[in-house]
Amino acid sequence: MKADYDVIVVGAGPGGSFAAKKAAKAGASVLLIDRRKELGAPVRCGEGLGSHWLDELGLKVSPKAISAEISGSVLYSPNMKREVKIQNPETRGYVIDRKVFDKDLAIDAGRAGAEVIAKTEVYEVMKKDGKVCGVKANCAGDKFEANCKVLIAADGGESTIARMAGIDSTATLYDTDFGIEYEMVNVDCQDLIEIYFSKSAAPRGYVWVFPKGKDVANVGVGIGGLEKGNAVEYLDRFIKNNKRFEGAQTVAIKGGLIPVGEPLKELVADGLMIVGTAAHQVDPIHGGGMALAMEAGGIAGEVAAKCAAEEKTDKKSLYEYESIWRKKVGPKLMRRLRLRKVLEKLDDNDFNAIFENLTDKDLDELIKGDYKPVVQKVLFKRPQLLKVLSALL
Amino acid sequence: MFIIEELKGVSLIKIDRHRCIYCGACVGVCPKLALILKETFVEYDEKKCINCGMCAKACPMKAIDFKK
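In order, the protein sequence lines correspond to chains A and B. Mapping of the first sequence onto our numbering: position 235 corresponds to residue 575, and the numbering continues sequentially without gaps. Mapping of the second sequence onto our numbering: position 54 corresponds to residue 39, and the numbering continues sequentially without gaps.
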């Protein structure tokens, strides 16, 4: 361990490890630290990853990190009378093993030249003249200080590092979903991601079954933060009321918070960048954050290395990361946020009516962000939704 | 008012360590950073707690008890 680094990354999840790797490859001296004794565990995630991301991120996933290959998704209406399947080259993907996947990414970062230290908790973010300049941390009981030109906060849903640095990244109940998931065996699965919409089973969220093998699946539920009760109560009820899970055994419990609102208003400050779930860079519809975190982490790592080399790490210089990211991802996320805010106003009857005429082509259009044809179709059958749905036109 | 004065610095939350899966959801919503996730448990600073109850509402495992 050294006293000075170009870049310190806190949090070795997908976003942090990706940032560390990119920064190290760009020639920066990098320290990647994580609170956990074993990177990758515990898992807090549904573990789904679309295969198109592999090309987009230049990512190689080792066979060991892949639990199951997925051909598409199937969505169920609240009354379970209708299901809509979507299977095309773009819906292919994987359910991965985050324990292996995350560790692989940290290994990549280490191979690229980053120093990686596990079981290291940051207890203070150091500042000089208002600019972030390093961290005070505790590594397995030994306290140390390390200075940096750029600190990348990639510490996930807790987002403690940004807040220690004075940026309010606290998750609000309205814009956050809370999820719990059991990994279960003796659950019959196809190679499809299953999504169940229902206000009673998962208010402002959904129930998911992500296959991890022929008879193993992540079964989870996410609910809106302002809804009644806690996520585990909904999941236990769903499993109890569903004959399919008779005889199913739970081999893991995973959970966490899922920011489904806007990303943070500011992703950079003097000497600081915020990346991934810590920056609320999460898809507002499905709540996935892994790929978005890696995408942001990659940009942040490269910009951080460049700014550190040029000795220009004030907010204005680091803004390059934010600007590239917002241009690339911002409009899509905002469109999806608008869709989330409309969907949360619909009740089960609305959903049942919508499902009656929904086709896989409609779903494809929704996924691609083209809401108009579907909305027009729904309005034809259910004109009373005009006021709610007009936000999407 | 007397009661509120008495409660200053006294947190009304109780975290059940046996139920907690240390996912950090409570930490993310705590407006006062009164909760910190250690590796396998959540530590909380009673002096910082303002008894808003957000953590109990957020906890997906229902591991936090909050009585006002």
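Where a beta carbon is used, it is the ideal one built from N, C-alpha and C, also for glycine.
How many angstroms separate the CA atom of A/LYS552 from the CA atom of A/ASP528?
Near 11 Å, if we compare the C-alpha coordinates of A/ASP528 and A/LYS552.
DSSP state of A/LEU706, grouped into three classes?
In the structure shown, A/LEU706 falls within a helical segment according to DSSP collapsed to helix, strand and coil.
Step through the CB atoms of chain B and report whether any lies within less than 9 Å of the CB of A/PHE484.
For A/PHE484, the answer is no, since every Cβ of chain B falls outside 9 Å of its Cβ.
Please classify A/GLN724: is it buried, with 16 or more other beta-carbons within 10 angstroms of its beta-carbon, or exposed?
exposed
In the structure shown, what three-state DSSP assignment does A/PHE550 receive?
Collapsing the DSSP output to three states places A/PHE550 in a strand.
In chain B, which residues lie less than 7 Å from A/GLU523 when you measure between Cβ atoms?
Chain B residues near A/GLU523: none, gap ~12 Å exceeds 7 Å.
Taking DSSP as the reference, what is the three-state secondary structure of A/LYS471?
strand
Using the Cα positions of A/THR460 and A/ARG376, report the straight-line distance between them to the nearest angstrom.
7 Å
Relative to the C-alpha of A/LEU491, which candidate in A/LEU604, A/GLY545, A/ALA368, A/LYS717 has its C-alpha closest?
A/ALA368
Could you give the DSSP three-state label for A/TYR416: helix, strand or coil?
Three-state result, A/TYR416: strand.
Whole angstroms are fine: how far does the CA of A/LYS425 sit from the CA of A/ASN526?
It is roughly 23 Å from the alpha-carbon of A/ASN526 to the alpha-carbon of A/LYS425.
Strictly below 9 Å CB to CB, what residues from chain B border A/GLY496?
Within 9 Å Cβ-Cβ: GLY9, GLY13.
Tell me, please, which residues DSSP counts as bridged to B/LEU22.
B/VAL27
So within the region 424 to 470 of chain A, which uninterrupted beta strand (DSSP E) runs reach at least 3 residues, ignoring any that extend past its ends?
433 to 436, 455 to 457, 460 to 468
Per DSSP, A/LYS476 forms a beta bridge with which residues?
Under DSSP, A/LYS476 forms a beta bridge with A/GLU464, A/GLU485.
Against chain B, does A/ILE520 count as a neighbour if the rule is that its beta carbon must be under 9 Å from one of theirs?
yes
Between B/LYS23 and chain A, is any beta-carbon pair separated by less than 9 Å?
Among the residues facing chain A, B/LYS23 is included, as its CB has a counterpart in that chain under 9 Å away.
Have a look at A/LYS655, A/SER730, A/TYR463, A/ARG722 and flag the residue whose alpha-carbon is nearest the alpha-carbon of B/GLU28.
Considering only alpha carbons, the answer is A/TYR463.
Across which residues does DSSP place A/ASN558 in a beta bridge pair?
A/GLU523, A/PHE550, per the DSSP bridge assignment.
Can you grab the Cα-Cα spacing for the pair A/GLU696 / A/LYS421, in whole Å?
9 Å
Helix or strand or just coil, what does DSSP make of B/PRO16?
In the structure shown, B/PRO16 sits in coil (DSSP, three-state: anything other than H, G, I, E or B).
Leaving aside the five residues before and after A/GLU660 along the sequence, list all residues of the same chain whose C-beta is less than 7 Å from its C-beta, in chain order.
VAL643
Alpha carbon to alpha carbon, how far is A/LEU698 from B/MET39?
Each residue's Cα considered, the two are about 38 Å apart.
Within 9 Å (strictly less), CB to CB, does A/VAL718 reach chain B?
With respect to chain B, the C-beta atom of A/VAL718 has no partner C-beta closer than 9 Å.
Taking all protein chains shown into account, decide if B/HIS3 is buried (16 or more other Cβ within 10 angstroms of its Cβ) or exposed.
Counting Cβ neighbours within 10 Å, B/HIS3 comes out exposed, since fewer than 16 surround it.
Using 9 Å as the limit for Cβ to Cβ distance, is B/MET(-14) near chain A?
Confidence at B/MET(-14) is low in this model, with a pLDDT of 43, below 50, so the placement of that residue should be treated as unreliable; the coordinate-derived value is given next. Not one chain A Cβ lies under 9 Å of B/MET(-14).
Identify which residue in A/ALA609, A/LYS580, A/LYS443, A/TRP548 has its Cα closest to the Cα of A/ASP469.
A/ALA609
Using a cut-off of 7 Å between C-beta atoms, extract the partners of A/ALA511 located in chain B.
By Cβ distance, chain B contributes GLY13, VAL14.
With a threshold of 9 Å between beta-carbons, can B/ALA43 be considered close to chain A, or not?
yes
In angstroms with no decimal places, state the Cα-to-Cα distance between B/CYS34 and A/LEU726.
The straight-line gap separating the alpha-carbon atoms of B/CYS34 and A/LEU726 is approximately 44 Å.
Measuring straight from C-alpha to C-alpha, what distance separates A/GLN716 and A/LYS668?
28 Å
Can you list, in chain order, the stretches of the alpha helix (DSSP H) that have 4 or more residues and sit fully within the region 645 to 723 of chain A?
655 to 683, 688 to 697, 700 to 708, 712 to 721
Going by Cα to Cα distance, which pick from A/LEU729, A/ASP531, A/LYS568, A/LYS672 is closest to A/PHE518?
A/LYS568
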